[in-house]
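First up is the structure itself, then whatever we jot down about it.
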Amino acid sequence: MFQVGVQALVGVTEHFGEFSRILELSERYPQFVYPCLGVHPVQGSVGKLRSADPLVGLDFTPHVADSEEKRNQQRDVLCQQLELAKRLNLPVNVHSRSAGRPTIQLLKDQGADHVLLHAFDGRVSVAMEGIRAGYYFSVPPSVVRSEQKQKLVKQLPLEHLLLETDAPALGPEKQVRNEPRNLIISCEHIARLKGLPTEHVAEVTTQNALRLFSRLKINW
């Protein structure tokens with residue numbers, strides 16, 4: 018991955034069973050793989066989390082949260098994790114599928130200030146509420162085939178954008194396994210949409226990542 022300019026990555030888990038694997042990878046590849054541990058909205062409760070940047074959030078798609086009770090359970094779990102992140106002075110990587118507005122509102126209500134909204138699927142007007150709160154948004158390679166994400170990229174300031182893959186999902190092609198090296202696809206497409214040099218987009222998004230994830234160490 019160094020050949021395509023990937024110098025560090027934040028490895029994200031989706032469930033408790035992956036915690037040990039990502040921690041093992043971070044120990045095997047120090048200063049390259051950084052763990053991001055948290056309770057995904059489809060998980061039921063908060064377990065014991067180590068001091069690593071957590072993936073948290075809300076998912077209000079019908080097959081995940083088909084009742085107000087389930088949505089409130091997600092809100093409770095998210096609030097617990099936001100409190101933990103504040104106590105440990107960690108940023109949060111936030112999932113907000115079909116829940117953009119309530120997620121951003123809850124983040125603001127809870128005083129969250131070091132926030133990344135990954136693969137945001139909401140409207141530009143809702144995303145701008147996050148921008149005004151100082152939040153960041155990351156762009157996956159699926160931007161090449163997503164009109165919604167292209168609109169976001171065009172409207173959101175580059176100073177609030179990061180690169181992501183969300184591998185193995187959200188690749189440039191449907192039903193094809195996504196990989197970390199596809200990060201360059203996100204970078205190139207952002208540059209194309211904004212009419213900027215790819216090198217400039219790479220530099221600004223890297224600096225954004227370093228500001229948000231203060232533990233990242235790269236040779237820039």
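Residue numbers (my numbering): 18 to 237. The C-beta atom is built at its ideal place from N, Cα and C for all residues, glycine as well.
Check                                                                                                                                                                   : Outcome
In chain order, what are the residue ranges of uninterrupted alpha helix (DSSP H) at least 4 long that sit wholly in the region 114-140?                                : 117-126
Does DSSP put leucine 54 in a helix, a strand or coil?                                                                                                                  : coil
Would you say leucine 233 and alanine 102 are within 7 Å of each other, going by their C-beta atoms?                                                                    : no
State the Cα-Cα distance for the pair arginine 228 and glutamate 86, rounded to the nearest angstrom.                                                                   : 36 Å
Which word fits threonine 78, buried or exposed, when buried means at least 16 other C-beta atoms lie within 10 angstroms of its C-beta?                                : exposed
Exposed or buried, what is threonine 30 when buried is set at 16 or more other beta-carbons lying within 10 Å of its beta-carbon?                                       : buried
In the structure shown, what three-state DSSP assignment does glycine 212 receive?                                                                                      : coil
Using DSSP with H/G/I as helix, E/B as strand and the rest coil, what is leucine 42?                                                                                    : helix
Going by the CB atoms, is the gap between valine 23 and proline 158 shorter than 7 Å?                                                                                   : no
What do you get for arginine 94, buried or exposed, if any count of 16 or more other CB atoms within 10 angstroms of its CB means buried?                               : A quick correction: the sequence has valine, not arginine, at residue 94. Valine 94 comes out buried.
Can you pull the DSSP bridge partners for leucine 178?                                                                                                                  : Phe154
Starting from leucine 26, trace the beta strand (DSSP E) in both directions and tell me its first and last residue.                                                     : 26-29
Is it true that the region 188-196 meets the region 215-229, where meeting means three or more beta-carbon pairs spaced less than 8 Å apart?                            : no
Would proline 52 and glycine 28 qualify as a contact pair, given that the criterion is a beta-carbon distance under 7 Å?                                                : yes
State the CB to CB distance for the pair aspartate 76 and alanine 116, rounded to an integer number of angstroms; the pair is presumed to be in contact (CB under 8 Å). : 6 Å
Rounded to whole angstroms, what is the Cα-Cα separation between histidine 217 and glutamate 164?                                                                       : 23 Å
Which stretch, first to last residue, makes up the beta strand (DSSP E) that contains valine 109?                                                                       : 109-112
Helix, strand or coil for valine 143 per DSSP?                                                                                                                          : helix
Contact check, proline 108 vs phenylalanine 230 under 8 Å by CB: the rounded distance?                                                                                  : 6 Å
Leaving out five residues on either side along the sequence, give the residues of the same chain with a beta carbon under 7 Å from the beta carbon of arginine 88.      : Phe77 and Ala82
Report yes if the CB atom of glutamine 122 is closer than 7 Å to the CB atom of valine 141, and no otherwise.                                                           : no
Would you mind working out which of His112, Lys168 and Glu100 sits nearest aspartate 183, comparing C-alpha positions?                                                  : His112
Using DSSP with H/G/I as helix, E/B as strand and the rest coil, what is valine 23?                                                                                     : coil
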